[in-house]
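Residue numbers (our numbering): 94 to 463. Down below is the structure, laid out as structure tokens.
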């Protein structure tokens, strides 16, 4: 299973490697600043993230030596395993801050909902690539199976509760399903169903704190010392950076502890404050270039599975990025979605690096004939 064709060296994706290293360096620099406590050594959080990056790079080296089509055969096995892990998390894991999301492995706290997003992309890519092309688009009955595949982990994650990650699964399903080509009648039915579910969810499905987050998003100044505090402080940090920022490690919102979760959900607000508009724009140009490169990989993939898989992986990174950026600027409610490669968190980081490794794999084998 593990084999490496020397001819693949000529097709190695150096573009992705360079942009990944550049983004990783900016991420670690921001985390170093956000978690620095004034001592002579980096914080334990920074060191853990550095180790996660190094381990993730090793995973990429392993992944590019495996033909990505072998992942298609393992996708449903992985799907079953991740559903069992989610079920185990809901039944047996101790609650932390009112949620059951992490499995304590001793050296590492695994959050199964993070790799669940990657596994879902693999399974949906396998499902859609194995279907015959329908001239006028898929009918509603044609997407029942992918919808059920999505629904199982969606429900298991929703009851943890983790609304943000559950919604990410739904967004991935919609993105890949629309990409697969739907009939307009199917799109209309799905849109109507989605709006109806949103209304019912607001009325009967959301917990009080989840509903409060949305109300805070609509009017964050209404309660600045409680639910609206995060959004307000994040907007202050982003705006106070102005054109060129306050300087590396000179941000006041982060270092004076005004900004909550400055190394996780609001990590990019620290970067905005210290590097300003110019530094933020440079990061975003690098990041979205990586996503455009991923779309190029999807368009040049050698087979349908590669096309769907690459597109799904790009959507996985893209939507998390957009939601997090909108969240820290007050354009969306706080839903706990990390910024890929930038926010602290081992499960999220390794999931993203594995996704990038698979993208590199697809590009390296675009000229091979199966």
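The beta-carbon is built from N, C-alpha and C at its ideal position, and this holds for glycine as well.
Inter-residue Cα distance where the pair is residue i and residue j
i, j, result
"residue 251", "residue 370", "36 angstroms"
"residue 384", "residue 257", "21 angstroms"
"residue 469", "residue 329", "Outside the displayed range of the chain (94 to 463) lies residue 469, so it cannot be described from this structure."
"residue 126", "residue 342", "5 angstroms"
"residue 359", "residue 326", "10 angstroms"
"residue 208", "residue 175", "8 angstroms"
"residue 102", "residue 117", "23 angstroms"
"residue 347", "residue 396", "47 angstroms"
"residue 318", "residue 181", "With a pLDDT of only 45 at residue 318, under 50, the local geometry of the prediction cannot be trusted, and no value is derived from it."
"residue 402", "residue 386", "14 angstroms"
"residue 357", "residue 167", "31 angstroms"
"residue 249", "residue 339", "43 angstroms"
"residue 453", "residue 265", "20 angstroms"
"residue 48", "residue 129", "The structure shown does not extend to residue 48, since the chain is modelled only from 94 to 463, so the question has no answer here."
"residue 144", "residue 231", "44 angstroms"
"residue 156", "residue 455", "10 angstroms"
"residue 399", "residue 381", "21 angstroms"
"residue 235", "residue 279", "10 angstroms"
"residue 246", "residue 153", "26 angstroms"
"residue 109", "residue 162", "20 angstroms"
"residue 290", "residue 238", "19 angstroms"
"residue 183", "residue 194", "8 angstroms"
"residue 197", "residue 189", "11 angstroms"
"residue 391", "residue 421", "30 angstroms"
"residue 480", "residue 199", "As shown, the chain starts at 94 and ends at 463. That puts residue 480 outside it, with no answer to give."
"residue 151", "residue 160", "17 angstroms"
"residue 120", "residue 147", "13 angstroms"
"residue 292", "residue 114", "43 angstroms"
"residue 72", "residue 388", "The structure shown does not extend to residue 72, since the chain spans only 94 to 463, so no value can be given for it."
"residue 112", "residue 286", "40 angstroms"
"residue 415", "residue 393", "25 angstroms"
DSSP state of residue i mapped onto helix, strand, coil
i, result
"residue 198", "coil"
"residue 252", "coil"
"residue 318", "Low confidence applies here, because residue 318 scores a pLDDT of 45, under 50, leaving its location unreliable; read the following figure in that light. Three-state DSSP puts residue 318 in coil, outside helix and strand."
"residue 150", "helix"
"residue 221", "helix"
"residue 231", "strand"
"residue 438", "coil"
"residue 458", "coil"
"residue 339", "coil"
"residue 137", "helix"
"residue 107", "helix"
"residue 131", "coil"
"residue 344", "coil"
"residue 334", "coil"
"residue 445", "helix"
"residue 119", "helix"
"residue 112", "helix"
Contact belief for residue i with residue j at Cβ below 8 angstroms, rounded distance in angstroms
i, j, result
"residue 106", "residue 457", "6 angstroms"
"residue 210", "residue 444", "7 angstroms"
"residue 173", "residue 269", "With 8 angstroms as the limit, residue 173 and residue 269 do not qualify as a contact, their Cβ atoms being about 20 angstroms apart."
"residue 124", "residue 437", "6 angstroms"
"residue 253", "residue 192", "5 angstroms"
"residue 241", "residue 205", "Contact flag wrong, Cβ pair sits at about 19 angstroms."
"residue 441", "residue 203", "In fact, because the Cβ distance is near 11 angstroms, the residues do not count as touching under 8 angstroms."
"residue 212", "residue 171", "5 angstroms"
"residue 282", "residue 423", "At roughly 33 angstroms, the Cβ-Cβ gap does not stay under 8 angstroms, so residue 282 and residue 423 are not in contact."
"residue 48", "residue 104", "There is no way to answer for residue 48, as the model of the chain reaches only from 94 to 463."
is_contact[residue i, chain B] using C-beta, thresh 7 angstroms
i, result
"residue 145", "Judged by its chain identifiers, the structure shown contains no chain B, having just a single protein chain."
Residue i: CB within 6 angstroms of a non-hydrogen atom of the ligand GTP
i, result
"residue 139", "The ligand content of the structure shown is nil, which means the ligand GTP is not present either."
Segment contact, 8 angstroms Cβ cut-off, at least three pairs: the region 212-224 with the region 268-276: yes
Contiguous alpha helix (DSSP H) assignments of at least 4 residues, all confined to the region 238-286: 256-272
Length-filtered (4 minimum) alpha helix (DSSP H) runs lying within the region 153-209: 162-185
Unbroken stretches of the alpha helix (DSSP H), 4 residues or longer, contained in the region 350-435: 360-392, 397-421
The region 448-455 in contact with the region 405-416 per 3-pair CB rule at 8 angstroms: yes
At least three beta-carbon pairs within less than 8 angstroms, the region 370-382 to the region 328-348: yes
Three-pair Cβ contact test at 8 angstroms for the region 422-431 versus the region 253-269: yes
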